[in-house]
Structure formats: C-alpha cells, structure tokens
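Going by the numbering used here, the sequence shown opens with residue 6, and the numbers climb by one from there.
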Amino acid sequence: MLELLFYGVTLRLLAFGIALPTSYSGTGLVLLLFVLPWLMLHLRAYGAIVGGLAFVVLAVVTGSLWNIDVLLNRINEFQSEDSSANARFIAGAWLIGEFLLSSARDVIFGLGPGSYAQHTPLVAYEAHDPAWAKMLFEYGLMGSAIFWPFFFVSLFSNTPSRWISASLLIGYFTFGGMLLDPRLQIMILVFCVWPKQPSALPERERQSWVPTFNSRHAA
C-alpha cells in the first residue's frame, strides 16, 4: 500500500506479489482484498490493474508448482479449533463468554491488565488476543467506551491519508496481538498522528507528506 501511494507502480510490487501468497499467510491478503482494488481505481493505475489480474491468472495456472492448495485450504481454518484463523477471529468471543459474561461487574470493568494471557491456558482451544477481545476482556465496556473513540479519532481525524489509516485499521484488527504491539503502534504514530495539521489552517497553508500519484506510473 505504501509503495503504491508513495512511488506508484514499480517493479518492487512484483516482489511483494510473489512474497505474499508464497508466505501462505492470509492476513496480508485480507488487507489487500479490502483496500487495494479501490486504491488502484482511485489512482487510475489501470496498467497495474491489468498486470495484477494477469499475475493472479498466472498464479492460479502455476498453482501446483507452489502449492496453492495450502493457501486455499486456509479458508477452512475457521472450522478448526486449533487453527490460526479460529484463534484470531472466533476464539476471543468464546473466551469472553466463558470467563466474563457471568459477572456484570466484570463485563463493565473487565478482569484487569494481563488477564487475557492468564486465561488462555485454561481453555482447551487455542486463543490469540485480537485487539477488540483483549480490550473488552481486560478493561470491560467502560474501558472500551473510552479507548475506541480515542483510537478512531487518532487514526482518522485530519489524517494525511485515509488510505493508510484504513490499511492500518484492518491490520490492527486482523494481524493479531496488535493492541499494544509497538510495530503497528509506531506506524500509526508516524503515518497518522504526528503529521496531523490543525484543521483550522487553510488547505494551502498545510504542510503534509500526503503521497501523490504520478499518472505516468500507471502506464
């Protein structure tokens, strides 16, 4: 996403395109599925769209050479309690239902910092710590009602690039363990928070690194 926004269509996109499916990781592909097609249309990167479609066709045709079935089988992981997909997107709700919902006080205030990691070994299924589940489990509805509005304002209000903000938001909810992860937090600070300009300033007076797309890159 950053490559497209800052530099347009480059050969580095081909390296990324090969690396993503052959890493057999689904979360990066989920992010691209939701954002990349709309971004390329917005940038009028029609050459990249055609090239991307050709790359997908080539990847499917040569799928047996790089075990495409391994990647496609990840779609079925949601049905398995020991899978990464189930642990990231579903098991958090199970954990909340098992340990939190029995007490109104716990629902409102949560079980406290670090309690999520203390409870995951107590269940038979694998459970990761998605940001929404960890926040609700440890800080309850009260903490969630304070944190999430602040987070969304920090991410989107007067942001230099809503494309980057949207990408980071999807990553925040899908990569797993992102609530306090410094890797994504630093990216949010660098690309969404620090470059903010006072909204009262006229547009022409704002200094911003907002990436611009050069139409010649679309060829």
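All C-beta atoms, glycine included, are put in the ideal place defined by N, C-alpha and C.
Nearest residue (CA-CA) to residue i, options the options
i, options, result
"F94", "I193, I151 and T179", "T179"
"W137", "L37, A96 and I169", "A96"
"G115", "W43, S107, L141 and A122", "L141"
"V40", "F60, L7, A20 and V55", "L7"
"M147", "L37, A129, D111 and V14", "D111"
"L173", "T27, I23, T32 and L19", "T32"
"L70", "R49, T27, P126 and L58", "T27"
"V198", "D186, S162 and P187", "S162"
"L185", "G145, L16 and K139", "K139"
"L25", "T15, A171, A64 and Y121", "A64"
"G182", "W153, S149 and Y121", "Y121"
Status (buried if at least 16 other CB within 10 Å, exposed otherwise) for residue i
i, result
"I1", "With the chain running from 6 to 224 in the structure shown, residue 1 is simply not present."
"N78", "exposed"
"H133", "buried"
"P135", "buried"
"F196", "buried"
"W43", "exposed"
"S88", "buried"
"G117", "exposed"
"G119", "exposed"
"A109", "exposed"
Residue i (DSSP reduced to helix, strand or coil)
i, result
"Y5", "The question about residue 5 has no answer here: the residues shown for the chain are numbered 6 through 224."
"H133", "coil"
"F104", "helix"
"H200", "Residue 200 is actually Pro in this sequence, not His. Correct three-state label for P200: coil."
"A224", "Because A224 carries a pLDDT of 39, less than 50, the predicted location of this residue cannot be relied on, and the following value inherits that uncertainty. It is coil, neither helix nor strand."
"M6", "coil"
"Y29", "coil"
"L185", "coil"
"S125", "According to the sequence as given, residue 125 is Thr; it is not Ser. Looking at T125 - three-state DSSP - the assignment turns out to be helix."
Cβ-based neighbour list, residue i, same chain, cut-off 8 Å, excluding 5 preceding and 5 following
i, result
"V75", "Y29"
"I175", "V35, L36, F39 and V40"
"A98", "A138"
"G68", "D74"
Own chain partners of residue i with C-beta closer than 7 Å, once the 5 adjacent residues on each side are dropped
i, result
"H124", "L100 and F104"
"A224", "Residue placement at A224 is poorly supported in this model, since its pLDDT is 39, which falls under 50; the coordinates are not used for a value here."
"V128", "L100 and E103"
"F218", "Below a pLDDT of 50, predicted positions are generally treated as unreliable, and F218, at 45, falls in that range; the measurement from the model is reported next regardless. Correct list, in chain order: G13 and L48."
Straight-line gap, residue i to residue j (C-alpha atoms, nearest Å)
i, j, result
"F21", "G13", "14 Å"
"I169", "I191", "13 Å"
"F157", "V62", "37 Å"
"V66", "L19", "17 Å"
"V55", "R49", "11 Å"
"I23", "T15", "14 Å"
"F225", "L9", "The structure shown does not extend to residue 225, since the chain is modelled only from 6 through 224, so no value can be given for it."
"L189", "A171", "13 Å"
"A59", "P187", "37 Å"
"G57", "Y144", "43 Å"
"Y177", "P126", "24 Å"
"S149", "L106", "15 Å"
"F155", "Y130", "32 Å"
Own chain residues within Cβ distance below 6 Å of residue i, not counting five before or after
i, result
"I73", "none"
"S159", "V198"
"M45", "A53 and I54"
"R221", "Because the pLDDT at R221 is just 43, under 50, the model does not fix this residue reliably, and the point stays unresolved."
Minimum Cβ-Cβ distance from residue i to chain B less than 8 Å
i, result
"T125", "In the displayed structure, chain B is absent; only one protein chain is listed."
Any non-hydrogen atom of the ligand NAP within 7 Å of residue i CB
i, result
"A90", "In the structure shown, the ligand NAP is absent, as is every other ligand, since no ligand is present at all."
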